[in-house]
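Visitor: My questions will all concern the structure given below.
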Amino acid sequence: MTEHLVATRTAEPAPAGARVSLEGLVRTYGATRALDGFSLDIEPGEFVALLGPSGCGKTTALRVLAGFEQLDRGRVTVDGRDVGKISAQHRDMGMVFQSYSLFPNMNALNNVAFGLRMRHQHAAQRRQKAGELLELVGLSDQALKYPHQMSGGQQQRVALARALAIEPRVLLLDEPLSALDAKVRAELRDQIRQLQQRLAITTVFVTHDQEEALSMADRVCVMSAGRAEQTATPATLYSRPTTPFVAEFVGVSSRVPVEPTDGSVTLFGERCPVRPSDAGVPEGEVDALLRPEDVTITLDDTAKPFVTHKSFLGATTRVIIQVDGVAVRVDVRSDVAADIELGARVRPSVVSRDVLLARRAPTRSETVD
Amino acid sequence: MAALIPDVVEDALVTVEPPARRRWPRLRVWRAVVLFIAGAYFLIPIYAGLRFSFENDAGHLSLYAVRAIPSEPGFSAAFWLSMRLAVVTLALTLVLMVPTSVYVHLKFPRLRRLLDFVTILPIVIPPIVLILGVLRAAPLWLRASPYLLSLVYVILSMPFVYRSLDAGLSAIDLKTLVEASRSLGGNWFNTLWRVVVPNLRSALLSATVLTLALVLGEFTMASLDLWTTLPVWIYQFQQVDAHVSTAVSMVSLVGTWLLITLIVSLDRSQSRRARRRTNNS
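Just so you know, the sequences run in chain order R and F. With the first sequence counted from 1, adding 400 to any position gets you our numbering. With the second sequence counted from 1, adding 12 to any position gets you our numbering.
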């Protein structure tokens, strides 16, 4: 039955996925600019994650797309059609919320069938379809349970089935996993991604968890202060961040003070070219941002830098070395790290082909997670 | 463990008795006294009323007053008028207050304080002032109708109804439920009727009970507007036959109590049915 549903849904080209375009969105609340010229283009069937810290405007962008927030300026188009004047009720966008949003007075089956009822589908037809969707999320045995009788993970899966039941043009996920424990979160993360790929629905996923964003999305849009800092595939975002904010928000970076001359900097005694940045060349005192895997170390009793901490991470061990009063994180293969003692003198060197620069932070010697 | 505690402290720990053990019997006595006084305060007037209802003029036990109630002139009219006013008031109050409270919670949560203040005004303003003002301002056709009273009762019931609804709305995640319904294609009516109202059942029941109790017992306004509702009839008939009049007030008391019990038990049985449906599944 599940296969039949998926086959039917993927056979229809129109509702499978819509092209979404957000152009120069501006939304202010009093003196606060939640969105400040935010733009993003999403391809049909694409899974895009909006990633950023609290207050960066990612949820506002999602709510604007859903029709729950009015824009001060900007345009939202779905398949080329401006939806600014269309109410949330008529936008055909399925949404899964952060808080448990199932209707407490309805059982799981009726919750899933609610959208179909609003579309005046025949009772038998909507019961059958709701049953199929519950089977799709693996909860057909919970059909007659009420929300308070289900776990958080089950409730979010029913909410997902409910959002999919209306065959939405766009699926909107507003931090749906944040209230769940780690194990359930990982399971549901995989399930959402698999379903999205099978049904090929254009999906926008809001999260502040970089692991979630990088593991689930086709592309990730990192947001800061109401704007898109960088939109790229997870691999590009991690390995080639174009702004200091992205470099520090996604993954781990260490800051090392440098003095740029002629488009390059001297790091650990070696010359490295400076990576072009969307934020431009920073002025004044600057730091180089280094990923733990951008640096290697070799034991050398004559070198000044020395090891201060070691954290075992599995295949690799994170070693923190002190270089001229600055802490630098270095990932070393665990079998190699076993021979490195705390306090051992090491010689660092840079392995990346170029480095990203950022204006010096007030507490420059601290590393950033 | 003992070695870690200094001797002085250990002695103190041993010699100090738990204070609750000594105070317990005295507390129990006071509790009984308070309960007795409160019980007497409520029950003595009811007992006196019941006893008077079951007595004849000679002071002997008799059922004549209770038996005479339905056939007394004006009783049926007053009874049905009170019932009609109760139903109309309840309908008007809920139709007016439910969407208003929901809208304020959703769109203007800051106005909740203002609404708190506004809805308390009917308690502060004496009913006599309110009804005289309304009688002066209302058009003649409305003054000629008993349902003018319903309009005023809506104002009187506002403090109780708003507070019940406010508590009910605060207990649910209204914004998310409404947005979920809207994103699934629900219009405002469907969202209110199928999503919000069913989750306010307890709040609506308490609002209903309070409104019914208020309307069925209101005397001042009905009397000044010259309509013979049940309380007005009881007062007027006292001069004809005090035993019958008191019997009616007792029946009215028991009737209201039964009505409230019925409404509350309906709520409970509905919850039980829902639970049983789920358990059977």
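Positions of the beta carbon are idealized from the N, C-alpha and C atoms, including for glycine. All of these numbers come straight from a predicted model, not from anything done at the bench.
#1: Would you say glycine 480 of chain R touches the ligand ATP, meaning its beta carbon is less than 8 Å from a heavy atom?
#2: According to the Cβ coordinates, are aspartate 700 of chain R and arginine 745 of chain R closer than 9 Å?
#3: If you pair each beta-carbon of the stretch 594–609 of chain R with each one of the stretch 575–586 of chain R, do three or more pairs fall below 8 Å?
#4: So, is the C-beta of arginine 194 of chain F closer than 9 Å to a C-beta in chain R?
#5: Quick check on threonine 188 of chain F - is its C-beta less than 9 Å from some C-beta in chain R?
#6: For the candidate residues R:Pro660, R:Glu629, R:Thr633 and R:Val584, whose alpha-carbon lies nearest to that of glutamate 648 of chain R?
#7: To the nearest angstrom, report how far apart valine 570 of chain R and alanine 418 of chain R are at their CA atoms.
#8: Should arginine 691 of chain R be labelled buried (16 or more other beta-carbon atoms within 10 Å of its own) or exposed?
#9: From valine 26 of chain F to leucine 39 of chain F, what distance separates their C-alpha atoms?
#10: Given a threshold of 16 other Cβ atoms within 10 Å of its Cβ, counted over all protein chains shown, does aspartate 581 of chain R qualify as buried or as exposed?
#11: For a contact meaning CB atoms closer than 7 Å, what does valine 207 of chain F contact in chain R?
#12: Given proline 504 of chain R, which residues of its chain have a CB within under 6 Å of its CB, disregarding the five upstream and five downstream residues?
#13: Taking CB distances under 9 Å as the criterion, tell me whether phenylalanine 497 of chain R reaches chain F.
#14: Would you say glutamate 191 of chain F lies against chain R (beta-carbon separation less than 9 Å)?
#15: In chain order, which alpha helix (DSSP H) runs of at least 4 residues are fully inside the stretch 96–183 of chain F?
#16: Could you compute how far the alpha carbon of proline 634 of chain R sits from the alpha carbon of methionine 109 of chain F?
#17: Per the contact definition of three or more C-beta pairs closer than 8 Å, is the stretch 226–245 of chain F in contact with the stretch 90–109 of chain F?
#18: Sort F:Pro134, F:Val116 and F:Phe66 by Cα distance to aspartate 178 of chain F and report the nearest one.
#19: Between phenylalanine 462 of chain R and leucine 509 of chain R, which are expected to be in contact by the criterion C-beta below 8 Å, what is the C-beta distance as a whole number of angstroms?
#20: CA-CA distance, valine 173 of chain F and threonine 188 of chain F?
#21: Would you identify the three-state DSSP class for lysine 485 of chain R, choosing helix, strand or coil?
#22: Taking 6 Å as the limit between beta carbons, can you name the residues of its chain near valine 211 of chain F, skipping five residues before and five after?
#23: Which of the three DSSP states is assigned to glutamine 521 of chain R in this structure?
#24: Within 8 Å, do at least three Cβ pairs link the stretch 511–518 of chain R to the stretch 462–480 of chain R?
#25: Going along the chain, which residues of its own chain have a beta-carbon closer than 8 Å to the beta-carbon of leucine 75 of chain F, five neighbours each way excluded?
#26: Give the range of the beta strand (DSSP E) segment to which serine 624 of chain R is assigned.
#27: In this structure, what does DSSP give as the bridge partners for lysine 710 of chain R?
#28: Taking Cβ positions, are valine 656 of chain R and aspartate 754 of chain R nearer each other than 9 Å?
#29: At a Cβ cut of 9 Å, what residues of the stretch 548–563 of chain R count as close to chain F, listed as they run along the chain?
#30: Which of the three DSSP states, helix, strand or coil, is assigned to glycine 553 of chain R?
#31: Could you pull the start and end residues of the beta strand (DSSP E) that valine 437 of chain R belongs to?
#32: Of the residues R:Leu533, R:Ser551 and R:Ser653, which one's Cα is nearest the Cα of alanine 563 of chain R?
#33: By DSSP's criteria, glycine 494 of chain R is part of a beta bridge. Which residues make up the other side?
#34: With DSSP as the reference, identify every bridge partner of threonine 607 of chain R, one or two as the case may be.
#35: Using only alpha-carbon positions, find the residue among F:Thr223, F:Thr268 and F:Ile143 that is nearest to aspartate 237 of chain F.
#36: My assumption, with CB atoms under 8 Å, is that alanine 366 of chain R sits in contact with phenylalanine 605 of chain R. Please give the rounded CB distance.
Guide: The relevant details are as follows:
#1: Absent from the structure shown: the ligand ATP. Ligands present: none.
#2: A contact, by the Cβ cut-off of 9 Å.
#3: A contact is defined here as three or more CB-CB pairs under 8 Å, and the stretch 594–609 of chain R meets this definition with respect to the stretch 575–586 of chain R.
#4: Chain R contact via Cβ: present.
#5: Nearest CB-CB separation between threonine 188 of chain F and chain R: below the 9 Å threshold.
#6: It is R:Glu629 whose Cα lies nearest to the Cα of glutamate 648 of chain R.
#7: About 6 Å.
#8: The residue in question, arginine 691 of chain R, is buried, as its Cβ has 16 or more Cβ neighbours within 10 Å.
#9: Any reading at valine 26 of chain F must be qualified, since the residue scores a pLDDT of 45, below 50, and its modelled position is unreliable; the value itself is stated next. Here the alpha carbons of leucine 39 of chain F and valine 26 of chain F stand approximately 25 Å from one another.
#10: Within a 10 Å sphere around the beta-carbon of aspartate 581 of chain R sit fewer than 16 other beta-carbons, which makes this residue exposed.
#11: Taking a Cβ-Cβ threshold of 7 Å, the residues of chain R close to valine 207 of chain F are Phe503, in chain order.
#12: Closer than 6 Å at the Cβ level, and outside the excluded window around proline 504 of chain R, lie Pro547.
#13: Answer yes: the Cβ-Cβ gap between phenylalanine 497 of chain R and chain F drops below 9 Å somewhere.
#14: Interface annotation, glutamate 191 of chain F: in contact with chain R, CB-CB separation under 9 Å.
#15: If one requires a minimum length of 4 residues, the alpha helix (DSSP H) runs lying completely within the stretch 96–183 of chain F are 124–130, 133–136, 139–149, 152–155 and 159–182, in chain order.
#16: Answer to the nearest angstrom: the Cα atoms are 51 Å apart.
#17: With the cut-off at 8 Å, the stretch 90–109 of chain F and the stretch 226–245 of chain F touch.
#18: Ranking F:Pro134, F:Val116 and F:Phe66 by Cα distance to aspartate 178 of chain F puts F:Val116 first.
#19: According to the sequence shown, residue 462 of chain R is leucine rather than phenylalanine. Not really, about 27 Å apart at Cβ, beyond 8 Å.
#20: Here the alpha carbons of threonine 188 of chain F and valine 173 of chain F stand approximately 24 Å from one another.
#21: DSSP places lysine 485 of chain R in coil when its eight states are reduced to three.
#22: Reading off the sequence shown, one finds asparagine at residue 211 of chain F, where the question assumed valine. Cβ neighbours of asparagine 211 of chain F beyond the five flanking positions: Ile184.
#23: It is coil, neither helix nor strand.
#24: Touching, no.
#25: Only residues of its own chain outside the window of five on either side were considered, and among them Phe66 have a CB closer than 8 Å to the CB of leucine 75 of chain F, listed in chain order.
#26: Start and end: 619–624.
#27: Answer by DSSP bridge pairing, in chain order: R:Val719.
#28: Not in contact: valine 656 of chain R and aspartate 754 of chain R (Cβ atoms no closer than 9 Å).
#29: Here the close residues are Gln549, Ala559, Arg562 and Ala563.
#30: Under the three-state reduction of DSSP output, glycine 553 of chain R falls in the helix class.
#31: One detail in the question is off: residue 437 of chain R reads as glycine in this sequence, not valine. That run of the beta strand (DSSP E) goes 432–442.
#32: For alanine 563 of chain R, the nearest C-alpha among the options comes from R:Leu533.
#33: Glycine 494 of chain R is bridged to R:Leu571.
#34: In the DSSP output, where bridge partners are listed per residue, threonine 607 of chain R has R:Leu451.
#35: Cα-wise, what sits closest to aspartate 237 of chain F is F:Ile143.
#36: Here chain R comprises residues numbered 401 to 769, so residue 366 of chain R is not present and cannot be evaluated.
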